[in-house]
Amino acid sequence: MPGNAKKYRTVHAFGRRKRKGRGRKSTKSSEPLVDSDERCVDAPRPFSDGATERVASDDDDGEANSGRLRIDAKVVTNAEVEENHAREKATLDRLSSAPPTARKIDFFTASCSEATTQDSDHAAPYLLMHLDILNAIMGALCCKACHGPATIVRGDRDYGLAVKVLVQCERCGEIANE
1 MPGNAKKYRT VHAFGRRKRK GRGRKSTKSS EPLVDSDERC VDAPRPFSDG
51 ATERVASDDD DGEANSGRLR IDAKVVTNAE VEENHAREKA TLDRLSSAPP
101 TARKIDFFTA SCSEATTQDS DHAAPYLLMH LDILNAIMGA LCCKACHGPA
151 TIVRGDRDYG LAVKVLVQCE RCGEIANE
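Letter 18 of the sequence shown, counting from 1, is numbered 18 in UniProt numbering, and no numbers are missing.
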């Protein structure tokens, strides 16, 4: 090897990485913001260009160029806290008074009554009924392939209280497209 150059294999060892030291050559000194009495000192911070941040004083009017960040927190009074707790308790009492299914049915009933009172040309996108009653009504329905009796069966997926239903032939098992 010419000169004092090392072999490639020595310099680039497989599976090994030479760790680089971090912070060993750091000569930056940071001044503590706490004095000897363990009190917080409001000292200016140095910037990279050599300028320092202006220290806010008591007569400072809070200008945008002061270099300080002002955070105004909303203060909540005890009366507001008590009002929020009362509202939360009333909501929890209302929710625990009836089971979720009954609340959903009441919601659908209320929305159906609102839909009937409004003058609208379109029907509701949902219908609540018992499947046995629907099968009795649709007894005259027949399969298009074998002309056998067809029934309405539940689909493979439930959507909360809503259920997808399919028209299926009892003899051949064919499912209608529409």
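No residue lacks a Cβ here, since even glycine has one placed at the ideal position from N, Cα and C.
It should be emphasised that the depicted structure is a prediction, and the values quoted were computed from it without experimental measurement.
Open item on the list: So for K104, helix, strand or coil by DSSP?
Closed with: The DSSP-derived three-state label of K104 is helix.
- [ ] Express the C-alpha separation of N135 and E170 in angstroms, rounding to a whole number.
- [x] In this structure, the CA atom of E170 is about 12 Å from the CA atom of N135.
Open item on the list: Quick check: K164 and G155, are their CB atoms within less than 8 Å of each other?
Closed with: Yes, they are a contact pair.
TODO: Could you pull out every unbroken alpha helix (DSSP H) segment of at least 4 residues lying fully inside the region 123 to 172, listed in chain order?
DONE: Fully enclosed alpha helix (DSSP H) runs of 4 or longer: 131 to 137.
Open item on the list: Between V167 and L141, how many whole angstroms is the CB-CB distance? I'm expecting something under 8 Å.
Closed with: Yes, they are in contact, since the Cβ atoms of V167 and L141 sit about 7 Å apart, within 8 Å.
Open item on the list: With a threshold of 6 Å on Cβ separation, who are the neighbours of G160 within its own chain once the five nearest residues in sequence on each side are excluded?
Closed with: Cβ within range, chain order: n/a, list empty.
- [ ] Report the partner residues of I175 according to the DSSP bridge assignment.
- [x] I175 pairs with Q168.
Task: Euclidean distance between Cα positions of L95 and I175 - done: A direct Cα-Cα distance of roughly 41 Å separates L95 from I175.
Task: A102 burial status per 10 Å Cβ neighbour count (16 or more: buried) - done: With fewer than 16 Cβ atoms within 10 Å of its Cβ, A102 is classed as exposed.
- [ ] Look up K89 in the DSSP assignment and say whether it is helix, strand or coil.
- [x] Helix, per DSSP.
Task: Buried or exposed by the 16-neighbour rule on C-beta atoms within 10 Å, applied to A150 - done: Buried: at least 16 other Cβ atoms inside 10 Å.
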